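Report on one structure; see the data block that follows.
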Amino acid sequence: MTDRKTTQQIASGPIVSAAHLADGALPALSEMEFALVILGNAYQRWIARGTAAAGGDGLSSMEVQILHAVNHRERDKSQADLCMMFNIEDTHVVAYALKKLEALKLVEPGRRGKEKTARITQAGADLCLGYREIREKLLVESVRTLGLDENRISEIAALMRVMSGQYDQASRAAASY
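In structure tokens:
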């Protein structure tokens with residue numbers, strides 16, 4: 064007999080990008096990480112192309128996310144608010160996005176005391192609504208046909224937020240390792 068795994072055994076194992084990491088104590092974590100990479104890349108591609116289809120051609124996925132965040136509940140957002148919301152350490156990423164969105168007249172500068180803020184413009188709000196219409200038609204309708212339980216989707220989202228805290232904690236530990 065041979066020690067080679069059959070095709071069936073291989074297919075039933077975790078789907079990972081780095082088998083050497085999946086050989087550790089928690090192979091499911093490697094599987095989740097690979098799924099997050101694929102999902103993240105697909106999401107970034109979708110949000111940029113969906114926005115382009117709504118008339119916002121040339122925006123990166125981060126710029127689109129910042130735009131939607133500034134539009135969220137029609138409240139001014141500071142750069143610090145946006146960095147906190149998206150768990151971004153490099154403030155230049157958010158600063159660049161805001162400058163580009165301001166140049167395109169999608170957001171406008173404001174002030175909260177000494178702090179610079181951004182607020183949505185009518186053009187920015189219109190682009191967000193156009194994106195929402197395209198999202199409903201091209202993405203939401205398609206996902207609904209899968210018959211997924213909305214409560215389960217919310218549970219998975221909550222788990223992802225919990226896991227982000229674990230990765231943040233491990234990152235802090237690694238910085239002093």
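Take the sequence shown: its letter number 142 is residue 205 in my numbering, and every next letter is one higher.
All residues carry an ideal CB built from backbone N, CA and C; glycine is no exception.
Please read all numbers here as calculations on a predicted model, not as lab measurements.
When secondary structure is reduced to three states using DSSP, GLU152 falls in the coil class, being assigned neither helix nor strand. A contact is defined here as three or more CB-CB pairs under 8 angstroms, and the stretch 152-172 meets this definition with respect to the stretch 186-201. The straight-line gap separating the alpha-carbon atoms of MET125 and HIS155 is approximately 12 angstroms. Residue environment analysis places SER93 among the buried positions, since at least 16 neighbouring C-beta atoms fall within 10 angstroms of its C-beta. Scanning the stretch 138-198 from its first residue to its last, the whole beta strand (DSSP E) runs of 3-plus residues come out as 170-175 and 178-183.
Rounded to whole angstroms, the separation of the alpha carbons of LYS163 and GLU96 is 31 angstroms.
Leaving aside the five residues that flank GLN107 on each side, the residues in its chain whose CB is nearer than 6 angstroms to its CB run, in chain order, SER124. Judged by beta-carbon spacing, GLU165 lies beyond the 9 angstroms limit of ALA117, meaning their Cβ atoms are not closer than that value.
For ALA81, there is no enclosing alpha helix (DSSP H), since its DSSP letter is neither H nor E.
Inter-segment contact for the stretch 135-148 and the stretch 223-233 is absent: fewer than three beta-carbon pairs are separated by less than 8 angstroms.
When the beta-carbon positions are compared, TYR194 and HIS131 come within less than 9 angstroms of each other. ALA105 counts as exposed, since fewer than 16 other C-beta atoms from the protein chains shown sit within 10 angstroms of its C-beta.
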